[in-house]
Amino acid sequence: MERIIAPSVLSLDYSKMTEQIEQLNQSKAKWLHFDVMDGHFVPNITFGPDILKGFRKASPLFMDVHLMISDPEYYAPIFVKAGADMITFHVESFDNDTDKCLAFMQKMQDLHVQVGFTLRPATPIEPFEALLEQADMVLVMSVNPGFGGQSFMDDQLDKVRWLYKKREEKQLNYRIEIDGGINHETYKKACDAGCDTLVAGSYVFKNDIVSTIEGLLK
Ligand code: DX5
Ligand code: ZN
């Protein structure tokens, strides 16, 4: 599967927003990763739908929206309207209940948006096998959700390997995305384990945006 880089705009320098979005548009990134946090599901607050609308106007890139919120059911359609191309939700927002997750995934498909699911590092992946068939993407969190700039958790690569194996076995085509602590060293481990979609926040924005993104494609 083609490798896609999804810079996380959580780490963008908001005093240089226009300039940095322009650099992202010129770069080899195909997606923008948009971390939505509600101060309830995670102890941090980020952006709402109006900010996504602004990004949508300023960039032609695919908007990869990661909802770290307690009520995705209510808010996801609002983010879809604001320009999301992919909605990724946490299974924990649905009490780890696979039926509730599947019903939500169906709702997203009815809204003609792609849908992914994700889980906290402490949540095991195996109980969610039933979601794989309906998923356009599975996101493996390699840090605890909430903040950029944390260290990569190697033990989460087991989930990546499991997802890769299941994709082969079941002949499915969901993307396998990884999020948290990606840099010039960790991205290789992630790709070797089977990831095809890399989120990178602080690593991209603390360095030269265009060449750092290019480096993650090598
Ligand atoms: C963490 C977010 C990540 C974050 C990654 O809750 O989901 O997308 O921006 O940041 P880095 O790449 O700095 O670890
Ligand atoms: Zn994220």
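Residue numbers for the sequence shown follow numbering that gives the first Met the number 0, beginning at 0 and rising by one.
Quick reminder that beta carbons are idealized off the backbone N, C-alpha and C, glycines included.
Residue selection by CB proximity (closer than 5 Å to any heavy atom of the ligand ZN) returns 34, 65, 178 in chain order. For a cut-off of 8 Å, the C-beta gap from residue 171 to residue 132 is around 6 Å, short enough to register as a contact. Between the alpha carbons of residue 139 and residue 18 lies a gap of roughly 30 Å. For residue 109, there is no enclosing beta strand (DSSP E); the enclosing alpha helix (DSSP H) has its first and last residue at 97-109. Runs of the alpha helix (DSSP H) lying entirely within the region 179-213 and spanning at least 4 residues, in chain order: 185-192, 201-204. Burial check for residue 67: the Cβ neighbour count within 10 Å reaches 16 or more, so the residue is buried.
Between residue 34 and residue 7, the C-beta spacing is below 8 Å. When the Cα atoms are used, residue 188 and residue 156 turn out to be separated by approximately 8 Å. Fewer than three beta-carbon pairs drawn from the region 86-100 and the region 46-54 are found closer than 8 Å, and the two stretches are therefore not classed as touching.
Annotated three-state conformation of residue 59 is coil, per DSSP. Looking at 22, 201, 78, 62, the one whose alpha-carbon comes closest to that of residue 9 is 201.
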